[in-house]
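Structure, as structure tokens:
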Amino acid sequence: MVSRVKMHVKKGDTVMVIAGKEKGKSGKILGINPGKGTVIVEKINFIKRHSRPTNKAPQGGIIEKEGPVKASNVNIMCSKCDATVRIRKKVLDDGKKVRACAKCGEILDQ
Ligand SMILES: [Zn+2]
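Sequential numbering from 325 applies to the sequence shown in the working numbering.
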């Protein structure tokens, strides 16, 4: 059985890379892999891949694609604060639990 890592970020979150070679860059999470503890972040950690020849591109080609980043190397960003922030749990009037910026209170869940 694969042990699933508890993820502190979710798909759709805007995050900033806080460690590694892409440090300081930010983007939206396109996908998460809790089994591996990695995330795919928009425009971060581009890796070149050779694609097989297809009908459209008979020569094959090189495609650039986002590679996985360790989830522990990214931190959630608040668009209002324009910085990585701590999360505060907030309960809305309808009982829905959301994540909010601990600094300005901006709700970070869509
Ligand atoms: Zn904020």
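Using N, Cα and C, we set each Cβ at its ideal position, and we do this for glycine too.
Model, not experiment: these values are computed from the prediction.
Does any heavy atom of ligand 1 sit closer than 8 Å to the C-beta of residue i?
{"i": "lysine 414", "result": "no"}
{"i": "lysine 427", "result": "yes"}
{"i": "lysine 380", "result": "no"}
{"i": "valine 409", "result": "yes"}
{"i": "glutamate 430", "result": "yes"}
DSSP on residue i, reduced to helix/strand/coil?
{"i": "serine 403", "result": "coil"}
Which residue's Cα is closest to the Cα of residue i: the options?
{"i": "lysine 413", "options": "Lys360, Leu432 and Ala407", "result": "Leu432"}
{"i": "valine 409", "options": "Lys334, Lys335, Gly336 and Met340", "result": "Met340"}
{"i": "lysine 345", "options": "Ile371, Lys335, Gly361 and Leu354", "result": "Ile371"}
{"i": "cysteine 402", "options": "Gln434, Gly361 and Leu354", "result": "Gln434"}
{"i": "lysine 360", "options": "Gly391, Asp337, Lys380 and Lys421", "result": "Gly391"}
{"i": "valine 333", "options": "Gly385, Lys349 and Ile364", "result": "Ile364"}
Could you compute how far the alpha carbon of residue i sits from the alpha carbon of residue j?
{"i": "asparagine 358", "j": "methionine 331", "result": "Residue identity differs from the one stated: residue 358 is proline in this sequence, not asparagine. Cα-Cα distance, rounded: 7 Å."}
{"i": "asparagine 369", "j": "glycine 351", "result": "11 Å"}
{"i": "leucine 354", "j": "glutamate 430", "result": "21 Å"}
May I ask which residues mark the beginning and end of the beta strand (DSSP E) holding residue i?
{"i": "isoleucine 411", "result": "411–415"}
{"i": "leucine 354", "result": "350–357"}
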